[in-house]
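Asks: Here it is, the structure in full.
In the numbering used here, the protein residues as written are 251 to 506.
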């Protein structure tokens, strides 16, 4: 599946009210796309549309964790745009686990937002994507999906589930001509990472992350990972024998 321009493509982005999602919407508009921007925060979506000169951004607020709401949103997109060419499921949350106060509710919340919301969105969007020539399906995972990391039991599990889901979809959707991409960023400055209480090596800004993501979408790369110095390091660490991996992680924890 070759690369292609995003000009005049009909694109749906969830998690668009802040952070990477907001920056991606603005980058897509700069490259000529028409973007349906979704999140729960209606005012933030309206502000985003205004910031993009009100032309190619269509605010569509709803709760991505509601299966029926995803179906209704997809129907609204079909009525407004006549179809869909690219779906980028980006909505997410991050909660770290304290193993001394292990709480299954943290896992339920995280999996619902980071993983099941994407399943609902894919279910709703696939009929339109199958009908589009050169359609693309894109999902937000993380470099944390490569292997288990301290305190990331819930977040990492959700992102690993997303990565596995999209890798499998890449195989199964080829017969429909749908290109599948998974996004695995390192640390990006967003309202979520602003809460982190540990060092974040190779931290980049959301605008830079958005450029790299949209470059990858245009090129139809199966995996879009960055910054390379960080993502390639974690890929190499994931190949280590278990004992060496534990030693490396223990050293990381001590240094932070």
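For each residue, glycine too, the CB sits at the ideal point set by N, CA and C.
#1: Can you tell me where the alpha helix (DSSP H) holding residue 408 begins and where it ends?
#2: Classify residue 343 as helix, strand or coil using the three-state DSSP reduction.
#3: Counting pairs of beta carbons, one from the region 474-481 and one from the region 430-438, are three or more of them closer than 8 Å?
#4: By Cβ distance below 6 Å, which residues in the same chain neighbour residue 403 in space, the five residues on each side in sequence not counted?
#5: Considering Cα atoms alone, identify which of 499, 425, 401 and 332 is closest to residue 356.
#6: At the level of alpha carbons, what is the spacing between residue 279 and residue 350?
#7: Kindly indicate the opening and closing residues of the beta strand (DSSP E) around residue 260.
#8: Cα separation between residue 302 and residue 292?
#9: Cα-Cα, which of 468, 485, 386 and 322 is closest to residue 399?
#10: Whole angstroms is fine: what's the gap from residue 274's alpha carbon to residue 339's?
#11: Below 8 Å on the Cβ atoms is my guess for residue 419 versus residue 337; work out the distance and round it to an integer in Å.
#12: Return helix, strand or coil for residue 322, following the three-state DSSP convention.
Replies: From the atom records:
#1: 403-422
#2: coil
#3: yes
#4: 347
#5: Ranking the options by Cα distance to residue 356, first place goes to 401.
#6: The C-alpha of residue 350 is placed about 46 Å away from the C-alpha of residue 279.
#7: 260-264
#8: 15 Å
#9: 485
#10: 11 Å
#11: About 11 Å separates the Cβ atoms of residue 419 and residue 337, ruling out a contact at the 8 Å cut-off.
#12: helix
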